[in-house]
Structure formats: C-alpha cells, structure tokens
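See below for the structure under consideration.
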Amino acid sequence: MISFIIRTHEISLKQKNRSLFETQLIKNIKRHLPDATVTKLHRRFLLFLPSVTKQTYTILGSIAGIANFSEVTITSYEWEDIEKTALATFEQELAKHTQDNLTFCVKSHRGNKQYPLNSNEMNQKLGSLIIDRYPSLSVNLRNPDILLELDVLVEQKVIVFIHKQTGLGGLPVGTATHSLSFLSSGIDSPVASWLMLTRGCRVSYLNFDSFPFIGEKTKHKVIHLTKILAKYQPQTDLYIAPFANIQKAIRKQCKESMRTILYRRFMYFVANEFAKTLPDVSTYISGEALGQVASQTIENLQCTNAASEKLVLRPLIGFAKDKIIEHAKLINTYETSIEPLPDSCTLFQPQHPETKARIHNALYEEEKLDSLALIEECVANIEKHYFTTKDALYI
Ligand code: ATP
Ligand code: MG
C-alpha cells in the first residue's frame with residue numbers, strides 16, 4: 009500500500025461545520041480514486057492506495073479542498089523505527105540527486121506534545137545520524153536540497169516524508185450549491201466555472217449552440233472544454249441547447265442594437281425552464297466581467313440579470329482580461345478557448361450594440377416574439393452529455 013497524508017486548509021477553519029466538509033471531501037476522494045481507503049486524523053487524512061501512477065498526483069491535485077499532500081511512510085512512536093524509516097526515506101531521495109555539496113535539513117512537527125522528544129531534539133538526533141553516514145553533506149536550514157520532514161501524530165503514529173505537493177485548495181465540490189454554468193467556447197466561462205468549482209459548487213454546464221449558422225466544430229470545442237473541466241468533480245453534465253431558432257426570430261423581429269441583450273435574456277429564459285427539470289440547481293454561473301466588451305456594462309448586466317429567476321454568480325466581474333487569461337492557462341483551457349471559431353453571441357452581432365439597455369425596452373422587443381413557444385422548443389431539444397473522471401482530459 010502507498011500512503012499519503014492529505015492536508016486541508018480552509019476546512020480546518022470551519023468550526024462547527026467541519027465534519028460536513030470533511031465527509032464530503034472523503035466522499036469526493038473515493039469517487040475520484042475508487043481504490044482508495046481514507047482514514048480521518050485530527051484535521052488531516054491518511055489515504056492508502058494499492059498502486060500509484062503519475063496521474064494519481066494529478067488527480068489529487070484536482071480535488072478541491074486539499075491544500076497539499078505528501079506521499080509518506082508511516083511508522084510507530086519507537087525511536088528505533090523512526091530512525092530506520094527516516095534514514096530509508098532520506099536515502100531514497102538522496103539517490104535521485106547527483107550533484108556534489110548537497111545540503112539537507114530535518115524538520116519535525118510534534119502534533120502530540122506528550123511525545124518524549126521535542127522537535128529540536130528529533131531534528132538534531134536525525135541530523136547527526138545522517139551526517140555520520142554521509143559526512144560530505146552539510147546542513148542548510150533555509151534552503152536545503154533535501155528537506156526531510158516528520159510529523160508526530162496524536163494517533164500514535166509518525167509520518168515521514170520529503171515532498172509537499174500543492175493541492176487545489178478551496179472547498180470540496182458538493183459543499184455549496186449545484187450551479188448551472190453558462191459555458192461558451194470562449195476564455196472566460198471555463199475560468200468562471202473553475203473558480204466556483206473550487207468554492208464548493210457542483211457545476212453542470214449549459215451551452216447555447218447556433219448550429220447550423222455556425223459549424224459542428226464549436227460544439228466539439230465546448231465538449232473538449234467540458235472534458236478538461238471534468239477532472240474537478242466526480243461527475244459532469246453538459247447540456248447543449250439549440251439556439252439558432254431563437255436568434256433567427258430575434259434578428260428578424262427585434263431592434264438590431266438590442267440583439268446581444270436579447271440573446272442573453274433568452275439564455276436565462278431557457279435556463280429557467282430547463283432548471284425546473286434538474287432537481288437541485290439553485291444558481292447560475294456566468295463569465296461576464298464588467299466593461300470587458302461594450303455589452304457588459306452595469307446597465308446591460310442589470311437588464312440581463314432581470315431575466316434570471318436564480319442568483320447569478322459572476323466570479324470574474326472585477327477581473328481584467330489578462331488575469332482571466334492567466335487562470336485559463338493555469339487550468340489548461342486557454343489553448344482550446346482561443347481556437348478561432350464563431351460562438352452564438354458573435355452571430356448577427358449588431359453594428360452598434362446597446363450599452364445602456366433598459367428593461368422596459370427589452371420587454372417591448374420581446375413582446376414581438378412568440379417567446380413561450382421559442383423557449384419550449386429550445387428546452388425540448390436540449391442535448392445531454394454525461395462525463396465521469398474517466399472521460400476527463402488530464403492535460
Ligand atoms: P467567454 O466569456 O466564455 O470567454 P465570450 O467572451 O465570447 O466567451 P461573452 O460575450 O463575454 O463571451 O459572454 C459572457 C458570458 O455569457 C460568457 O462568459 C458565458 O457565461 C455566457 N455565454 C455567452 N455565449 C454563450 C453560449 N453560446 N453558451 C453559453 N453561455 C454563453
Ligand atoms: Mg467574455
């Protein structure tokens with residue numbers, strides 16, 4: 009069995025609700041890694057796996073709620089066992105280094121203050137043991153080539169490890185609302201979705217597709233983006249709504265400058281109806297950022313927002329584009345997002361889009377349409393795709 013210690017950060021801060029968050033995190037870990045056994049420790053977890061690959065690390069790094077983790081060797085409180093394990097772990101790491109003048113440091117944490125040796129004593133004893141064996145090594149407390157760490161747990165165990173790998177942090181998926189994220193094929197909405205995934209939301213995706221006005225390739229791009237995002241939660245649902253008829257009707261019957269606003273409002277009308285068929289969706293997610301394009305002014309956002317029956321989460325609202333791009337690169341959606349393909353909202357774009365839309369003007373335009381029939385037809389033809397972490401693209 010290979011063992012890991014899993015450390016949480018924000019969960020540790022949650023006072024009364026901590027066990028809820030911890031239970032959800034354990035559930036998520038087991039769904040991402042079905043072979044895993046998890047033991048709860050005081051504010052941490054031990055994870056056991058029959059085997060690990062490189063991908064195991066990527067998977068652990070994609071589970072929200074894990075601050076960092078380390079592959080560890082577990083030993084008893086017996087000093088002899090500790091010495092043996094510490095030395096073996098150190099030697100295994102040493103074998104990976106080829107340069108001369110190597111430096112090292114031993115850092116012990118005493119979770120159990122009753123343990124007879126304090127951290128300094130443990131560090132000194134183990135440090136001397138290593139120097140005796142390898143006199144060419146020297147100690148560097150600030151920036152060692154090899155950092156050997158020990159953690160004396162209250163559970164009568166000592167864990168020994170070398171690396172602390174940074175995790176995703178945040179809160180476990182499933183501890184907040186189930187959100188329907190409006191996923192376009194652009195840069196922003198995958199980032200917005202990811203941010204909410206790391207705040208505990210379970211996220212399902214809703215895309216509005218303008219086929220046949222745009223080709224099938226845009227749909228494949230959206231599916232590809234969803235598969236990149238599918239590694240962050242045990243199951244991911246993508247819904248693709250046929251939007252062409254609605255856009256055709258708006259183009260034909262409504263004022264040109266209002267088109268983009270009306271498209272957006274209809275996205276919410278469709279989502280409102282569709283969400284009734286999903287058991288527990290209570291919020292939407294959108295990738296809008298204030299002032300990013302002419303259409304994303306406060307007035308326009310207010311006008312769009314009025315079409316929503318649910319709270320709309322806009323995690324990017326105060327982000328500049330370069331910051332959003334940084335995030336998109338980090339989560340590997342950027343390269344896909346920038347492939348030059350048209351999206352619904354760019355279709356039949358007005359020459360001079362409205363920047364100060366008024367709700368009563370939008371309502372006036374919508375009166376010209378058979379809105380109910382358009383919405384009903386769109387909802388009835390929504391295409392459904394389901395992905396598990398097996399379908400996820402770990403790039
Ligand atoms: P993105 O914002 O994802 O980079 P974009 O910049 O082309 O794409 P905007 O015009 O900024 O899209 O749209 C703002 C938000 O509206 C998007 O972030 C997304 O949440 C939603 N949206 C736009 N077009 C679509 C679509 N075709 N399907 C689903 N949601 C969409
Ligand atoms: Mg955008």
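Per our numbering, the very first residue in the sequence shown carries number 9; after that it's consecutive. Every residue, glycine too, gets a C-beta built ideally from N, C-alpha and C. None of these values were measured; they are calculated from a predicted model.
Examine the ligand ATP and report whether any of its heavy atoms sits within less than 7 Å of the Cβ of residue i.
i: Glu-224; result: no
i: Gly-295; result: yes
i: Ser-187; result: no
i: Leu-405; result: Not covered by the structure: residue 405. The range shown for the chain is 9 to 403.
i: Phe-216; result: yes
i: Gln-255; result: no
i: Ala-200; result: yes
i: Val-301; result: yes
i: Asp-351; result: yes
i: Asp-245; result: no
i: Asp-330; result: no
i: Ser-197; result: yes
i: Met-130; result: no
i: Met-266; result: no
i: Gly-326; result: no
i: Met-204; result: no
i: Met-275; result: yes
i: Gly-194; result: yes
Quick one, which of the options has its alpha-carbon nearest residue i's?
i: Glu-362; options: Ser-379, Thr-291, Gly-295, Cys-262; result: Cys-262
i: Lys-172; options: Gln-243, Ser-192, Ala-75, Asp-140; result: Ala-75
i: Thr-45; options: Ile-37, Ser-197, Arg-52; result: Ile-37
i: Ala-94; options: Ile-67, Leu-156, Arg-118, Asn-151; result: Leu-156
i: Glu-101; options: Trp-87, Glu-79, Arg-150, Ser-116; result: Glu-79
i: Glu-343; options: Ile-403, Ala-315, Ile-167; result: Ile-403
i: Ser-59; options: Ile-333, Tyr-247, Met-9; result: Met-9
i: Val-230; options: Ser-193, Ala-257, Arg-141; result: Ser-193
i: Lys-437; options: Ile-170, Ile-333, Tyr-247, Ile-138; result: This structure does not reach residue 437, given that the chain is present from 9 up to 403, and the question cannot be answered.
i: Val-114; options: Ile-339, Leu-134, Leu-246; result: Leu-134
i: Arg-141; options: Glu-91, Lys-225, Gly-299; result: Glu-91
i: Thr-312; options: Ile-269, Gly-175, Met-130, Ser-27; result: Ile-269
i: His-393; options: Leu-233, Ala-336, Thr-106; result: Leu-233
i: Lys-337; options: Thr-83, Asp-196, Lys-225; result: Asp-196
i: Ile-339; options: Gln-357, Thr-285, Ala-400; result: Ala-400
i: Asn-151; options: Met-130, Leu-110, Asp-378; result: Leu-110
Just confirm the distance between the C-beta atoms of residue i and residue j, as a whole number of angstroms; I'd bet it's less than 8 Å.
i: Thr-16; j: Leu-33; result: 7 Å
i: Gly-223; j: Thr-183; result: The Cβ separation is near 39 Å, so there is no contact.
i: Ile-154; j: Phe-77; result: That pair is no contact at about 19 Å.
i: Tyr-292; j: Phe-221; result: 24 Å between Cβ atoms; not a contact.
i: Ile-248; j: Glu-391; result: 4 Å
i: Ser-290; j: Lys-318; result: 6 Å
i: Glu-296; j: Pro-358; result: Not really, about 18 Å apart at Cβ, beyond 8 Å.
Can you tell me whether DSSP reads residue i as helix, strand or coil?
i: Tyr-240; result: helix
i: Ile-154; result: strand
i: Ile-14; result: strand
i: Phe-112; result: strand
i: Arg-366; result: coil
i: Lys-165; result: strand
i: Thr-450; result: This structure gives no information on residue 450, because the portion of the chain shown stretches from 9 to 403.
i: Thr-268; result: helix
i: Asn-313; result: helix
i: Asn-120; result: coil
i: Lys-260; result: helix
i: His-2; result: As shown, the chain starts at 9 and ends at 403. That puts residue 2 outside it, with no answer to give.
i: Lys-331; result: helix
i: Phe-29; result: helix
i: Thr-185; result: coil
i: Ser-192; result: coil
i: Ser-146; result: strand
i: Asn-280; result: helix
i: His-228; result: helix
Spatial neighbours of residue i within its chain, please: C-beta separation below 7 Å, excluding the five flanking residues on both sides.
i: Leu-237; result: Pro-198, Ser-201, Trp-202, Thr-244
i: Leu-205; result: Ala-72, Val-181, Val-211, Tyr-240, Gln-241
i: Val-387; result: Val-278, Glu-281, Phe-282
Can you give me the Cβ contacts of residue i inside the same chain, cut-off strictly under 6 Å, excluding the 5 residues immediately before and after it?
i: Glu-288; result: What sits at residue 288 in the sequence shown is Asp, not Glu. Here the set comprises His-186.
i: Met-266; result: Glu-362, Glu-373
i: Phe-12; result: Leu-55, Phe-77, Glu-79
i: Val-4; result: For the chain, the structure presents residues 9 to 403; residue 4 sits outside this window and is missing.
i: Asn-369; result: none
Leaving out five residues before and five after residue i in sequence, what residues of the same chain have Cβ atoms less than 8 Å from its Cβ?
i: Gly-119; result: His-50, Asp-159, Val-160, Leu-161, Val-162
i: Tyr-123; result: Tyr-85, Val-160
i: His-2; result: No statement about residue 2 is possible, as the shown extent of the chain runs from 9 to 403 and does not include it.
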